[in-house]
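Novice: Here numbering that gives the first Met the number 0 is used: position 20 in the sequence shown is 19, and no number is missing along the way. One structure coming up, written as structure tokens, with questions to follow.
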Amino acid sequence: MSKLCTIVAIVLMVTITGCAAMKITRASLDDTVRDYQQLIRWQEVPSAAVFVSDQMKPAYLEQATGFNRVKIVDYRIKAVDFSKELKKATVIVEYDYHLKSGLTINTIVDTQTWQYFEKTEPEGWRLTSYPPAFP
């Protein structure tokens, strides 16, 4: 199942970022953010890491171990601050989760920063912040 999700993530990323006509748009950001959030909700962190900036990926994966202790049950994108000129965005996401050892639903807020890369990495939106710190 994990390999399938990895393949799906790569296909989604290529589809989103591979088109030369793709411009820096709010729609392309929304698509990327949605795909990333779905993979996080499915607990497919290695697949979701495809959307992380290359230079941050090792540290991101190290810090993402908190996802091993929780089960994400839902997420909500609460706000998006998009700047086409700066090629950056801030996305506020709420995750509902419970510890794998319990059933009490908790909520954590994740402030994500995204940047559009054109030349230094594969073209497209990349996450440039670390995952939330789950208890």
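Ideal placement from N, C-alpha and C gives every residue a C-beta, glycine not left out.
CB-CB under 6 Å to G110, same chain, minus the five flanking residues each way: which ones, in chain order?
Specialist: For clarity, residue 110 is Thr in the given sequence; the question names Gly instead. So the list reads I91, once near-sequence residues are dropped.
Novice: I believe A63 touches V44 by the beta-carbon criterion, under 8 Å. Please report the beta-carbon distance rounded to the nearest angstrom.
Specialist: Their Cβ separation, rounded to whole angstroms, is 5 Å, which keeps A63 and V44 in contact under 8 Å.
Novice: Between the C-alpha atoms of P134 and F116, what's the straight-line distance to the nearest angstrom?
Specialist: If you take the alpha carbons of P134 and F116, they lie about 32 Å apart.
Novice: Classify R33 as buried or exposed, calling it buried when 16 or more other Cβ atoms lie within 10 Å of its own Cβ.
Specialist: Answer is exposed; the Cβ neighbour count stays below 16.
Novice: Quick one: measure Cβ to Cβ for E120 and S52, integer angstroms, because I've assumed they're closer than 8 Å.
Specialist: That pair is a contact at about 7 Å.
Novice: Quick check: what's the CA-CA separation for Q114 versus G65?
Specialist: Each residue's Cα considered, the two are about 24 Å apart.
Novice: Which word fits R125, buried or exposed, when buried means at least 16 other C-beta atoms lie within 10 angstroms of its C-beta?
Specialist: R125 comes out buried.
Novice: Let me know if I104 comes out buried or exposed under the rule of 16 or more other beta-carbons within 10 Å of its beta-carbon.
Specialist: Classification for I104: exposed.
Novice: Mind checking which residues open and close the beta strand (DSSP E) that includes D80?
Specialist: Where D80 is concerned, the enclosing beta strand (DSSP E) stretches over V69 to S82.
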